[in-house]
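What follows is a short report on a single structure.
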Amino acid sequence: MLLDDINFPDVKYGTKNKEDYRDLTEAEWSPFFGHHYWEVFIFSMSYAYAKGLVPKSVPGVGNMPANVFQQPTRDLMRSLAIDHTKDLNILKDTNAYVKICEEFAYVGFDEVLKRIKDNPSEVPVEDILFNMIKEVHTEQN
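Count the sequence shown with this note's numbering and you get residues 1235 to 1375, in order.
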């Protein structure tokens, strides 16, 4: 077991977002229907980072247990933190790199939620996330 696994904290996604996370994973109108909170978190984090959104501090305490973040997901989180800070030393501080990811997920979640809720009825639910990714990719090129 890695020291990082031992020190990995519970993750904050924002107290105000609790009901919305539940809705997105339980409502059939959501592309996250049947998925887990951590998947909403990772998509929101990645979307915000790729979109160039400015991270925002997350109020509250860790409300997503550390054990839901498996190794590949933690690797993605570490990669984002390294790219954001341009410093490999960020890996020495688990709390610091998790905080960076929390802040991106928090700012991204509002936009992800809005896009899902405002989805035109003619756009299939399974296309919502794909369209968001495609737009970010187009903006970057």
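Built from N, CA and C at the ideal position, the CB exists for glycine as well.
Tell me which same chain residues have a C-beta within less than 7 Å of the C-beta of residue i, skipping the five on either side of it?
| i | result |
| --- | --- |
| Cys-1335 | Met-1279, Met-1311, Leu-1314 and Ala-1315 |
| Leu-1363 | Pro-1265 and Phe-1277 |
| Asn-1329 | Pro-1243 |
| Tyr-1331 | Met-1311, Arg-1312, Ala-1315, Ile-1324 and Leu-1325 |
| Met-1235 | Unreliable positioning characterises Met-1235 in this predicted model, as indicated by a pLDDT of 46, which lies under 50. A coordinate reading is not provided. |
Out of the options, which one is the CA nearest neighbour of residue i?
| i | options | result |
| --- | --- | --- |
| Asn-1297 | Asn-1365, Asn-1251 and Ala-1330 | Asn-1251 |
| Glu-1262 | Val-1341, Val-1288 and Pro-1358 | Pro-1358 |
| Gln-1305 | Phe-1242, Val-1370, Glu-1373 and Gly-1268 | Phe-1242 |
| Tyr-1255 | Ile-1350, Gly-1286, Met-1366 and Glu-1356 | Ile-1350 |
| Ile-1284 | Asp-1352, Asp-1309 and Asp-1317 | First, the amino acid is wrong: residue 1284 is Ala here, not Ile. Taking only the C-alpha atoms, the option nearest Ala-1284 is Asp-1317. |
| Leu-1287 | Val-1346, Ala-1300, Asp-1321 and Thr-1307 | Val-1346 |
| Val-1370 | Pro-1354, Gly-1342 and Lys-1290 | Gly-1342 |
| Thr-1319 | Ser-1355, Pro-1289 and Ala-1300 | Pro-1289 |
In this structure, how does DSSP classify residue i when only helix, strand and coil are distinguished?
| i | result |
| --- | --- |
| Val-1274 | helix |
| Val-1245 | strand |
| Met-1235 | The predicted model places Met-1235 with a pLDDT of 46, which falls under 50 and marks its position as unreliable; any figure quoted below should be read in that light. Met-1235 falls in the coil class under three-state DSSP. |
| Leu-1287 | coil |
| His-1269 | coil |
| Ala-1261 | coil |
| Asn-1365 | helix |
Enumerate in chain order the residues of its own chain whose CB-to-CB distance from residue i is below 8 Å, with the five nearest sequence positions on each side excluded.
| i | result |
| --- | --- |
| Glu-1373 | Lys-1285 |
| Asn-1365 | Val-1357 |
| Phe-1303 | Phe-1242, Val-1245, Trp-1272 and Met-1311 |
| Leu-1322 | Ile-1316 |
Among residues of its own chain, excluding the 5 on either side of residue i, which ones have a beta-carbon nearer than 6 Å to its beta-carbon?
| i | result |
| --- | --- |
| Thr-1259 | Phe-1266 and His-1269 |
| Asp-1361 | none |
| Asn-1353 | Ile-1362 |
| Glu-1253 | none |
Does the beta carbon of residue i come closer than 7 Å to any beta carbon on chain B?
| i | result |
| --- | --- |
| Leu-1322 | In summary, chain B is missing from the structure at hand, where a single protein chain is found. |
Just list the alpha helix (DSSP H) runs in the region 1292-1358, keeping only unbroken ones of 4 residues or longer that don't cross its boundaries, in chain order. 1305-1319 and 1328-1351
For the region 1259-1273 against the region 1336-1343, are there 3 or more C-beta pairs whose distance is under 8 Å? no
Cβ contact check for the region 1288-1306 and the region 1243-1250: 3 or more pairs under 8 Å: yes
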